[in-house]
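Written out below as structure tokens is the structure these notes cover.
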Amino acid sequence: MEHECGDDIGVRLGGPQGWVRLWNRTHPHGDDMVAFCIELGGDGMTAVAHGVVVAGESPAAFVEGLAASFEGWSGVRAWQNLDRDVRIEAVFEPGGHVDLTWTVEPWRERYSWAASVTVKGVEAGEQMRRLAADLRELL
């Protein structure tokens, strides 16, 4: 099935070696449930999933928590939507930066696939707060 997602920018993070874009927010059922499109890319790779759904478990709250922990943490912090087709893993790195690995694995497709990209070096304070605000506005 072909989906129309338009070309609006939405929220974009990263650069040519690893980036993610979320856009095209819709309310498919006319309630609090939000659907959006997500695109991951990197050197020679692009993957797109349409109709990713969040209902109360928005990634904005997860990213806000990362921003609040700008002094750092050990290990991996992770978020995924209830359908388990989008996952974000955050690792705090020396120098006050965070590597965010975004994984998309749409299970509703006829043929299963998965793609991951790591956006390296996101500044743990202000850049993370801006990302959280942008995600909150979009979703």
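In UniProt numbering, the protein residues as written are 1 to 139.
All C-beta atoms in this analysis are idealised placements derived from N, C-alpha and C, irrespective of residue type, glycine included.
Check                                                                                                                                                              : Outcome
Let me make sure I understand the geometry here. Which of Glu93, Phe62, Ala35, Val63 has the alpha-carbon closest to that of residue 144?                          : One cannot answer for residue 144 here, as it falls past the ends of the chain, which runs 1 to 139.
Using alpha carbons as the reference points, say which of Glu71, Trp102, Ala68 lies closest to Asn81.                                                              : Trp102
Could you check the C-alpha separation between Lys120 and Arg21 for me, to the nearest Å?                                                                          : 15 Å
Please list, in chain order, all residues of the same chain as His97 whose beta carbon is under 8 Å from its beta carbon, the five residues on each side excluded. : Lys120, Gly121, Val122, Glu123, Ala124
Do the CB positions of Phe38 and Val104 come within less than 7 Å of each other?                                                                                   : It is Ile, not Phe, that sits at residue 38 in the sequence shown. Yes, the Cβ-Cβ distance between Ile38 and Val104 is below 7 Å.
Counting C-beta neighbours from all protein chains within 10 Å, is the total for Met45 16 or more, i.e. buried, or is it exposed?                                  : exposed
Rounded to the nearest angstrom, what separates Ile9 and Val76 at their Cα positions?                                                                              : 29 Å
Taking buried to mean at least 16 other C-beta atoms within 10 Å of its own C-beta, is Gly41 buried or exposed?                                                    : buried
Below 8 Å CB to CB, which residues in the same chain sit around Trp19 once its five sequence neighbours on both sides are set aside?                               : Arg12, Leu13, Leu40, Gly41, Gly42, Val117, Val119
Residue range of the alpha helix (DSSP H) that Asp134 falls in?                                                                                                    : 126-138
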